[in-house]
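Data block below; observations after.
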Amino acid sequence: VKQLDVQTGAYSDIFSISFNRNPRYTHLNGIGINPVDGALYGLMRVKGFGYLVRFDMAGNVGFVARVPAHSNAGDVDGLGRFIWPSGKNFYAISAIADIDSFSDPG
Numbered sequence: 010v011k012q013l014d015v016q017t018g019a020y021s022d023i024f025s026i027s028f029n030r031n032p033r034y035t036h037l038n039g040i041g042i043n044p045v046d047g048a049l050y051g052l053m054r055v056k057g058f059g060y061l062v063r064f065d066m067a068g069n070v071g072f073v074a075r076v077p078a079h080s081n082a083g084d085v086d087g088l089g090r091f092i093w094p095s096g097k098n099f100y101a102i103s104a105i106a107d108i109d110s111f112s113d114p115g
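Going left to right, the sequence shown walks through residues 10 to 115 as my numbering numbers them.
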């Protein structure tokens, strides 16, 4: 994950998430910062299923919820809801900062 310095146009690394993690993932997209807790959230596909995941600064992944549809886009709104499109539908999970996460999707 990189951050952009808008003054200089330069990118710097914040942290990285290893592709060789266990369980292995095939897709990672729709990452956004939750203004409620400051954590990064995104959509990750593992073992054929999509999950809302939370990242910490050490690059650890916490599985928050299994999602009904995966997407290449998504973000956290000002109220702390993760919102993403899939096909002609939009999905939302509210109060994501209050949901416990797990190290394995189960």
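Quick reminder that beta carbons are idealized off the backbone N, C-alpha and C, glycines included.
Span of the beta strand (DSSP E) holding residue i?
i	result
valine 76	70-76
glutamine 12	11-13
asparagine 81	From DSSP, asparagine 81 is part of no beta strand (DSSP E); its letter is neither H nor E.
serine 95	91-95
Should residue i go down as buried or exposed, given a rule of 16 or more other Cβ atoms within 10 Å for buried?
i	result
asparagine 43	buried
phenylalanine 72	buried
serine 21	exposed
How about residue i and residue j: are their beta carbons less than 8 Å apart?
i	j	result
leucine 52	valine 76	yes
alanine 106	valine 45	yes
alanine 78	arginine 63	no
arginine 90	serine 80	no
alanine 74	isoleucine 26	no
valine 85	glycine 41	yes
glutamine 12	isoleucine 23	yes
glycine 39	tryptophan 93	yes
Nearest to residue i by alpha carbon, out of the options?
i	options	result
proline 32	Gln16, Phe91 and Lys56	Lys56
asparagine 29	Leu88, Asn69 and Asp65	Asn69
aspartate 113	Gly59, Met66 and Tyr20	Gly59
tyrosine 100	Gly87, Tyr34, Leu61 and Phe111	Leu61
Fill in: 3 or more residues per run - each beta strand (DSSP E) lying fully within the region 19-79
20-22, 34-42, 49-55, 58-64 and 70-76
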